[in-house]
Ligand SMILES: Cc1cc2nc3c(=O)[nH]c(=O)nc-3n(C[C@H](O)[C@H](O)[C@H](O)COP(=O)(O)OP(=O)(O)OC[C@H]3O[C@@H](n4cnc5c(N)ncnc54)[C@H](O)[C@@H]3O)c2cc1C
Ligand SMILES: Nc1ncnc2c1ncn2[C@@H]1O[C@H](COP(=O)(O)O)[C@@H](O)[C@H]1O
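Protein chains in written order, with my numbering: chain U, 75 to 433; chain Z, 60 to 341.
Laid out in structure tokens, this is it:
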């Protein structure tokens, strides 16, 4: 994306050979036997785009011939795909850039989709960058909103530099139009059991000895210290308004009493008050909790886009004019360092003896 | 070892402001810095050079003033600096940027072959994480992104082993030189640079190349013309129709304040009360 002034004057002049490109594709991220839930979220969003364009929605599944890829295909139909492109090969067992880029570009060149969506995960971003460069097409990273414009082009919106702006980016004259979307930005679609779609099996003709990069080990994160922030139903977060690192403990304690997770705004990570995996926002985690309590957070756009999926947002802020009041549902105008411990005590009292305070 | 590190000069995000009326970014007077993520890559490259010997060349595409960032990289310890600057590059998106940088790296390699290219994980202004993979693809280098650490480099066999952050774990990958690496933030403490390096940087020349100097023949792949993406519109987010409801409570009575807040939340989210009790009982 360029940072220059918008070129709204740019006209769509799609070259003839791209006019055959049709259909919306979602890359189904299958790694080590498991599909990343962002893929289902993208099928939900892809369904809407495909319906608007009146074209089929296809899932792209790359994986090893151990049944996991076929299971992912079956699940894709339950989440709304009409069709699935399946490439099974032992070479696709672990994610590696070379074979995956090759597989994906071959599929695109043969079956010609107009839109290709991937999750903005470490895998999705690694793959999207090299696929887009190979295909010499446009790629918009970390979108927060997708739409189809009057000319049937994909309008991909993402936050832009500066703290309070969004920009809409289009790929007018090349196909496919590619975008990555972060986990939890789009809602999880309803799973419908048992529909069967069309499976297009495509052979993968690469030889292992032509692939230079080898996976020699995989060290799984122990699930215990993996932060479940993105999937928590209740999240309490603190920002610079906490005043100091020590006050973060009030955030943690309220989260614990509520059985939720805690997070923070980016400056707290930059100051070393909190680890990076606790950051909420565009360059941190996107969350979709039922309840989000933001204490001492001003609500800059990069923070806002990470929390807008919350059902209910309570802001605790001393400033009635803070931008977070533009999108929070309720606001408590108060000092976070006073309000948080008061809430913790009051919740603990209401929830009864099962909740102990210190610990 | 010859290592090229791509660094971008970016406005210091902490000090950027948006014009309230025109919705444009006010860059005037905003100090610039080296993209923070690029420093982790620079450090990794310098550490490899210190261990294996060789040269670290820093490369940037940007306006003439980006030379300041390159000089700063020299003061941290880089050996050589190249600035790509030309009006043809204005308005480049990531595809056009990777074309220009990859062509310049090919040119740099014609003097001394390049074994590794380092890029930042992402920039804080473009923030796409695409330029690194784009360069790797164009140069045909092996692509190693989100690297936590470069474990070993075997110069005789030309192999490299890295630990790469993946979803749900860490991949240990063995690949070959030449390769393109992007480092994860926090992967190392970035050195301050010695006095000798600072003095050298102050005197050093930054090699400045136009598109032509860099060997770019196809100008149509640069700048706006070479960019498939167009920015259609830049806009401020819509406020919700209603602003947040203020919870009426005395700021001087924390107990009352907390009770009023909880009552409000329970009324707004039916089921929350029951869920919390159920969770607490577990
Ligand atoms: C490329 C880019 C990416 C970014 N990504 C992210 C991201 O992922 N996540 C993120 O959060 N930010 C991100 N940012 C930073 C973002 O623009 C803001 O700078 C940041 O969110 C502000 O953090 P804050 O709200 O904690 O601090 P501030 O903006 O300083 O706000 C502090 C708030 O606390 C209030 N306050 C002060 N004292 C008290 C008190 N005693 N009690 C209660 N309230 C009080 C103030 O009224 C104010 O509203 C990004 C920026 C850029 C440029
Ligand atoms: N103009 C540029 N000059 C030099 N390196 C760049 C430039 N733009 C991007 N890069 C490199 O590519 C990385 C990723 O950038 P981006 O795709 O914009 O997030 C950066 O961290 C830099 O290492």
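Backbone N, C-alpha and C define an ideal beta-carbon position, used for all residues, glycine too.
- Ranking 137/Z, 153/Z and 308/Z by CA distance to the CA of residue 409/U puts 308/Z first.
- In the three-state reduction of the DSSP assignment, residue 321/U falls in the helix class, which pools H, G and I.
- Each of 357/U, 346/U and 403/U was checked against the Cα of residue 365/U, and the nearest Cα belongs to 403/U.
- Annotated three-state conformation of residue 218/U is coil, per DSSP.
- Residue 264/U has a beta carbon lying at 9 Å or more from every beta carbon in chain Z.
- Neighbours of residue 290/U in chain Z, taken as residues at a C-beta separation under 8 Å, are given in chain order as 220, 231, 232 and 233.
- Bounds of the alpha helix (DSSP H) holding residue 114/U are 111-127.
- Put simply, the CB of residue 113/U is far from chain Z, with every gap to its CB atoms at 9 Å or more.
- Using a Cβ-Cβ cut-off of 8 Å, residue 269/Z is close to nothing in chain U; its nearest Cβ partner there is about 20 Å away.
- Setting aside the 5 residues that flank it on each side, residue 137/U is surrounded in the same chain by 104, 143, 146, 162 and 166, each with a C-beta closer than 7 Å to its C-beta; the list follows chain order.
- Taken atom to atom, the span from the alpha-carbon of residue 110/U to that of residue 271/Z is near 45 Å.
- In the three-state DSSP reduction, residue 321/Z falls in the helix class (H, G or I).
- Of the heavy atoms belonging to ligand 1, at least one sits nearer than 8 Å to the Cβ of residue 316/U.
- If you draw a 10 Å sphere on the C-beta of residue 91/U, you find fewer than 16 other C-beta atoms in it, and that means exposed.
- Secondary structure note for residue 233/U: its beta strand (DSSP E) is the uninterrupted segment 228-234.
- Taking 8 Å as the cut-off, one finds at least one heavy atom of ligand 1 near enough to the beta carbon of residue 342/U.
- Put simply, the backbone Cα of residue 282/U is about 22 Å away from that of residue 213/Z.
- If you check the C-beta of residue 179/Z against ligand 1, you find no heavy atom less than 8 Å away.
- DSSP, reduced to helix, strand and coil, places residue 192/Z within a helical segment of the structure shown.
- Just so you know, the alpha carbons of residue 121/Z and residue 68/Z end up roughly 7 Å apart.
- About 6 Å separates the Cβ atoms of residue 114/Z and residue 139/Z, confirming a contact at the 8 Å cut-off.
- The Cβ atoms of residue 265/Z and residue 238/Z do not sit closer than 9 Å to each other.
- Residue contact with chain Z for residue 140/U: absent (no Cβ-Cβ distance below 9 Å to any residue of chain Z).
- When Cβ-Cβ separations below 9 Å define contact, residue 323/Z makes contact with chain U.
- In the displayed model, residue 280/Z falls within a helix according to three-state DSSP.
- Straight through space, the alpha carbons of residue 125/U and residue 193/Z are spaced by roughly 32 Å.
- Of all residues in the stretch 186-216 of chain U, only 195, 196, 197, 199, 200, 202, 203, 204, 206, 207, 208, 210, 211, 212, 213, 214, 215 and 216 place a beta-carbon less than 8 Å from a beta-carbon of chain Z.
- Taking a beta-carbon distance threshold of 9 Å, residue 320/Z counts as an interface residue toward chain U.
- Among the bridge pairs identified by DSSP, residue 268/Z is matched with 143/Z.
- With at least 16 other beta carbons inside 10 angstroms of its own, residue 132/Z counts as buried.
- Those residues of the stretch 98-118 of chain Z placed with their C-beta closer than 7 Å to a C-beta in chain U do not exist.
- Taking a Cβ-Cβ cut-off of 7 Å, the neighbours of residue 171/U in chain Z comprise 202, given in sequence order.
- In this structure the stretch 244-254 of chain Z does not touch the stretch 171-178 of chain U; the number of beta carbon pairs closer than 8 Å is below three.
- Across the structure, residue 253/U and residue 292/U are spaced so that their CA atoms are roughly 28 Å apart.
- Separation of residue 123/Z and residue 144/Z (C-alpha to C-alpha, rounded to the nearest whole angstrom) is 6 Å.
- DSSP places residue 91/Z in the uninterrupted beta strand (DSSP E) bounded by 91-93.
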